[in-house]
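Okay, structure first, notes after.
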């Protein structure tokens with residue numbers, strides 16, 4: 282896990298971990314880890330045949346990144362976008378925030394929905410319209426506001442309520 286973390290949130294900062302962010306976005310895309318691995322292995326520019334062993338290896342790598350035991354490099358994260366949508370810049374910010382716990386709040390914290398992981402530049406789209414931040418809870422987008430919270434204690438810093446994920 283990232284240094285000083287337990288679960289999806291860094292206990293020292295209260296900020297979602299990079300791996301938890303990717304997991305939220307993968308789950309919002311309704312994809313399993315093996316499904317993502319199979320899609321990555323089948324990319325036209327993949328350097329190996331997408332057999333069961335390669336898919337299992339990729340699935341293990343994705344699991345390690347989501348568990349924050351071995352975060353993706355930015356180049357690996359860029360490839361991951363071929364399987365499901367997420368905001369690459371949010372992932373990069375989370376990597377930076379967790380790599381430098383001594384930043385004392387000087388690095389910007391992205392606003393992320395605690396339920397689906399959407400952000401300002403990667404909103405949910407329901408009925409053809411992008412979501413926004415709810416007025417009553419700045420940690421949830423309007424698409425997730427009616428859903429129950431994912432797990433107790435999942436608190437995302439940076440949800441100041443400013444702006445909307447449009």
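In my numbering, the protein residues as written are 282 to 447. Ideal placement from N, C-alpha and C gives every residue a C-beta, glycine not left out. On a predicted model such as this, the values are computed, not experimentally measured, just so you know.
A distance of 8 Å or more separates the beta carbons of residue 306 and residue 395. The Cβ-Cβ distance between residue 296 and residue 355 does not fall below 8 Å.
Residue 400 is bridged by DSSP to 393, 403.
Taking all protein chains shown into account, residue 304 has 16 or more neighbouring C-beta atoms within 10 Å of its C-beta and is therefore buried. In the pairwise beta carbon analysis, the segment 314–329 is classified as not touching the segment 415–427: fewer than three pairs are separated by under 8 Å. Per DSSP, residue 351 lies in no alpha helix (DSSP H) and is assigned neither H nor E. In the three-state reduction of the DSSP assignment, residue 310 falls in the coil class.
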